[in-house]
Each structure stands twice: as C-alpha cells, then as structure tokens.
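*Asks:*
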Amino acid sequence: DVKVTQSSRYLVKRTGEKVFLECVQDMDHENMFWYRQDPGLGLRLIYFSYDVKMKEKGDIPEGYSVSREKKERFSLILESASTNQTSMYLCASSWLAGGVEQYFGPGTRLTVT
Amino acid sequence: KNEVEQSPQNLTAQEGEFITINCSYSVGISALHWLQQHPGGGIVSLFMLSSGKKKHGRLIATINIQEKHSSLHITASHPRDSAVYICAVRSRTGNQFYFGTGTSLTVIP
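Laid out in structure tokens, this is it:
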C-alpha cells in the first residue's frame, strides 16, 4: 500500500511566522503535489514537482515556496504566514504524468492567527 | 468559471437509497478521478477512469467522453458512505488537475 504522510495533522502559527509543511511518500513516486482546500473552492494546486529539485507553479503559488531535495520528500514553505493562508493543506504523489492515480496524505489543518 | 462542475452540492439520503452524483467538465482529459473525503480530511481515491464503467462493491462510476460527463452511483447506501465526494480530471495537454468543489453526502439511518 502506498503511504503518504504529512508532518502534522493540526498546526497553529502566528502571522509573520515561517511555516514548514512536510510530506513523505514511500513508493518512489516521481510526482508530488501540494494542494490547499477551502470551503466552496475545492482543491487548488499550489505547486508540484516531477523530479528531485524540479518544481512547477500551480494555480495559486503566491506566498508559498517548495523544496524537493530527496525524491520521497516534498516540503511546502510559507515564508511569512498570513491569516488568508489558514486552510487545509493536502499533499499527494503519483508515479507519472498523465492519467495516473494520485495518492493523498491525511492533510494538515493550518490556522494562522 | 470552473472547469469541473459537480451536482448536487449537498445530498441527504435515507439508508438503502440509490445515490447519483454528477460531474461535468469542459477540458480535454486523459483521465477522470472520483475521490472520497471523510471528516478529518483524509482523501481516498475511489476510481480512475478514462472510458466506460467501473465497479467496486456498491460503487459504480461511469464516464461519457463525448458528453464530458461522469456519474458516481452508490447502491444500497449506508451511513458510513457519508463523506464528501470529489470529481477531478487530468488535462490531456498538461500536468494539470482540475477539481470539482465536492458533493457532501449524508446518509441517515
């Protein structure tokens, strides 16, 4: 079974803090993704990575950066957290581009106060 | 405008009822996914399909590529089916996923 894990289920941070969200997958997947999920807006892609040290912007990259130094690990960074970044953050991974199933982590509910 | 539209947004059913959730999309796709999200956030992939029909237990997913439409059916619904069901499509031209806003299903005993 593919396992995608995220470093925290719940996180509370203050405005202006630097926030790291980590995602680890154990199936040697090339692709990894970060989404945020907000009521009424569904899942929106922040960034994805198709290989180590490779990244591409998704639909809403502003205010976020990512790091992929190892194949199994994909980090989402909020350089200076703001209240509008309060959301559920979901990480996913998949084998290859194009029509292949994504496997999701359990999610991190981030609250920025 | 959303590339993926789901209906209904909310659905309440009695245990045992047959349930249908619909998904329409406007982009060319390589595959369509149905996802299930339980309270607490975890998402599980139910189906990935690019044509025809798939069945897992009481769940059936169909897709009509010409009409750009997919349906998820649940037969003999049960309270444990209560969850948010999300339709997602992968674009044919790129590495892009588009998601519907989800259908919140509540099955009452």
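From first to last, the protein sequence lines stand for chains B and W. 13 is the number of the first residue of the first sequence in this note's numbering; add one for each residue after it. 2 is the number of the first residue of the second sequence in this note's numbering; add one for each residue after it. Backbone N, C-alpha and C fix where the C-beta goes; we use that ideal spot for every residue, glycine too. Everything numeric in this text was worked out from a predicted model, so none of it was measured.
Give a yes or no on whether the C-beta atoms belonging to E6(W) and S78(W) are separated by under 8 Å.
*Replies:* No, Cβ-Cβ distance for E6(W) and S78(W) is not below 8 Å.
*Asks:* Could you round the C-beta distance between E4(W) and Y99(W) to whole angstroms and report it? I think they count as a contact, below 8 Å.
*Replies:* Between Y99(W) and E4(W) the Cβ distance is about 4 Å, and since that is below 8 Å, they are a contact.
*Asks:* Just to confirm, are F116(B) and V36(B) a CB contact at a threshold of 8 Å?
*Replies:* No; because the gap between Cβ atoms is not below 8 Å, this pair is not in contact.
*Asks:* Taking C-beta to C-beta, are S6(B) and H41(B) nearer than 8 Å?
*Replies:* Given that chain B is displayed from residue 13 to residue 125, the structure contains no residue 6(B) and the question cannot be resolved.
*Asks:* Return the residues of the stretch 28 to 52 of chain W that lie within a Cβ-Cβ distance of less than 8 Å from chain B, sorted by chain order.
*Replies:* Of all residues in the stretch 28 to 52 of chain W, S31, A32, H34, L36, G41, G42, G43, I44, V45, S46, M49 and S51 have a Cβ within less than 8 Å of some Cβ in chain B.
*Asks:* Is I109(W) buried or exposed, if buried means 16 or more other CB atoms sit within 10 Å of its CB?
*Replies:* The residue is exposed, with fewer than 16 neighbouring Cβ atoms inside 10 Å.
*Asks:* Indicate whether the contact test is met: 3 or more Cβ pairs, each with one atom in the stretch 29 to 46 of chain W and one in the stretch 57 to 73 of chain B, closer than 8 Å.
*Replies:* Contact between the stretch 29 to 46 of chain W and the stretch 57 to 73 of chain B is absent, because fewer than three Cβ pairs lie under 8 Å.
*Asks:* Answer with yes or no whether the minimum CB distance from F19(W) to chain B is below 8 Å.
*Replies:* Not closer than 8 Å to any Cβ of chain B, the Cβ of F19(W) fails to qualify, so no.
*Asks:* Expressed to the nearest angstrom, what Euclidean distance is found between the alpha-carbon atoms of F45(B) and I20(W)?
*Replies:* Cα to Cα, the separation comes out at about 31 Å.
*Asks:* Is it the case that the Cβ atoms of L12(W) and T104(W) are separated by a distance below 8 Å?
*Replies:* Against a cut-off of 8 Å, the Cβ pair of T104(W) and L12(W) comes out as a contact.
*Asks:* Between W107(B), L53(B), L102(B) and T123(B), which lies nearest to V45(W) when the distance is taken from Cα to Cα?
*Replies:* It is L102(B).
*Asks:* Is the beta carbon of K65(B) less than 8 Å from the beta carbon of R80(B)?
*Replies:* Yes, they are a contact pair.
*Asks:* Interface residues of chain W around L23(B) at Cβ under 8 Å?
*Replies:* Those do not exist, as L23(B) stays about 13 Å from chain W at its closest Cβ, beyond 8 Å.
*Asks:* Helix, strand or coil for N96(B)? Go by DSSP, reduced to three states.
*Replies:* Three-state DSSP puts N96(B) in a helix.
*Asks:* Please confirm whether L53(B) has its beta-carbon closer than 8 Å to some beta-carbon of chain W.
*Replies:* Yes, L53(B) counts as interfacial toward chain W.
*Asks:* With DSSP run on the structure shown, which of helix, strand or coil describes D82(W)?
*Replies:* Helix.
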